[in-house]
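Colleague:
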Amino acid sequence: MKIGIYPGSFDPITRGHLDIIVRASGLVDKLIIGVLQNSAKKPLFTAEERVELIERVVKENTNLTSVQVIAFEGLLIEFARQQQASIIVRGLRAITDFEYELQIAQMNHKLDSKVDTVFFTTSVEYSYLSSSAVKEIASYGGDISQFVPDCLIKSVYDKYNSIRSV
Ligand code: ADP
C-alpha cells in the first residue's frame with residue numbers, strides 16, 4: 001500500500017490546500033494530512049482545531065475516502081516512518097517556494113532514502129492564496145469566501161470575534 005503524507009500548518013486550510021489534497025489522493029492508496037504542531041509558531045487555531053476543520057472539509061468531499069488527518073510534532077521524516085509513508089507531498093506556488101522546498105526535500109531524502117518528496121504545482125486560480133492572506137483579510141472582517149471551503153468560513157470569523165472579545 002502506497003502511503004503519502006501532506007504536511008503543513010493548515011492555519012487554516014484553504015481552497016489551495018484542498019486542491020492539492022484532491023489531486024494527491026489520486027496518487028496514493030492513503031493520504032495522511034499531517035498537521036504540524038510547532039510550539040515556536042503562534043497559530044491562530046490550535047492543532048486540534050486545525051485537525052477538526054480539515055476533517056470537516058474531508059468529510060464534505062465524498063471522494064476523499066482514503067484521507068486521514070493527524071497532528072504531529074517534531075521531525076517530518078520521523079512522522080513519515082511512523083506512518084510507513086514513502087511519499088511526502090508539497091505544493092509549489094511560486095519560485096520563492098522552490099528554493100526552500102528543494103532544500104528540505106533533499107535533506108529529508110538524505111535522512112531516509114526510502115522517502116521521496118513529490119511536488120504539485122498549484123492550480124493557477126490558487127497561486128496567490130495562502131493561509132496568512134486569509135487571516136489578514138478575515139482579521140479586518142473582509143470576504144474570505146473565495147479562499148476557504150464554505151464549511152469553515154464561519155469558524156474563521158468566529159475565531160477572530162472570540163479573540164476580540166477577550
Ligand atoms: P507550511 O507552514 O508547511 O508551508 P502551509 O499550511 O502554509 O504549511 O502549506 C502546506 C503546503 O501546502 C505547502 O507545501 C505549501 O506550499 C502548500 N500550499 C499552500 N498554499 C497553497 C496553494 N494556494 N496552492 C498550492 N499549494 C499550496
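According to the numbering used here, numbering within the sequence shown proceeds without interruption in unit steps and concludes at 166.
Think of the CB as a built atom: it goes at the ideal place given N, C-alpha and C, for glycine as much as any other residue.
This one's a predicted model, so the numbers in the text were calculated from it and none came from an experiment.
Just checking GLY34 against ligand 1 - is the residue's beta carbon closer than 7 Å to any of the ligand's heavy atoms?
Modeller: GLY34: no, Cβ never under 7 Å from ligand 1.
Colleague: Taking only runs of the beta strand (DSSP E) that begin and end inside the segment 20-94, which ones reach a length of at least 3 residues, in chain order?
Modeller: Qualifying beta strand (DSSP E) stretches, in chain order: 30-36, 67-72 and 87-92.
Colleague: Closest by CA to ILE70, which one among LYS59, GLU60, ARG81 and GLU55?
Modeller: When each option's Cα is compared against that of ILE70, the closest is GLU55.
Colleague: Could you check whether ALA133 and TYR157 sit closer than 8 Å to each other, using their CB atoms as the reference points?
Modeller: No, the Cβ-Cβ distance between TYR157 and ALA133 is not below 8 Å.
Colleague: Is ARG15 near PHE147, with beta carbons less than 8 Å apart?
Modeller: Going by C-beta atoms, ARG15 is nearer than 8 Å to PHE147.
Colleague: Look up GLY16 in the DSSP assignment and say whether it is helix, strand or coil.
Modeller: Here GLY16 sits in helix by DSSP.
Colleague: Does the distance between the C-beta of THR122 and the nearest non-hydrogen atom of ligand 1 fall short of 7 Å?
Modeller: Yes, the Cβ of THR122 comes within 7 Å of a heavy atom of ligand 1.
Colleague: Ligand 3 and SER66: does the residue's C-beta get closer than 7 Å to at least one heavy atom of that ligand?
Modeller: Annotation note on ligand 3: not contained in the displayed structure, which lists ligand 1 as its ligands.
Colleague: In whole angstroms, what is the alpha-carbon distance linking SER107 and VAL166?
Modeller: Just to set this straight, residue 107 is Met in the shown sequence, not Ser. Their Cα atoms are separated by approximately 42 Å.
Colleague: DSSP state of VAL118, grouped into three classes?
Modeller: Looking at VAL118 - three-state DSSP - the assignment turns out to be strand.
Colleague: Are the CB atoms of ALA47 and VAL35 within a distance shorter than 8 Å?
Modeller: Yes.
Colleague: Taking 7 Å as the cut-off, does the CB of HIS17 come closer than this to any heavy atom belonging to ligand 1?
Modeller: Yes.
Colleague: If you run the structure through DSSP and keep just helix, strand and coil, what is ILE5?
Modeller: ILE5 falls in the strand class under three-state DSSP.
Colleague: From LEU111 to ALA80, what does the alpha carbon distance come to, in whole angstroms?
Modeller: Going from the Cα of LEU111 to the Cα of ALA80 covers about 11 Å.
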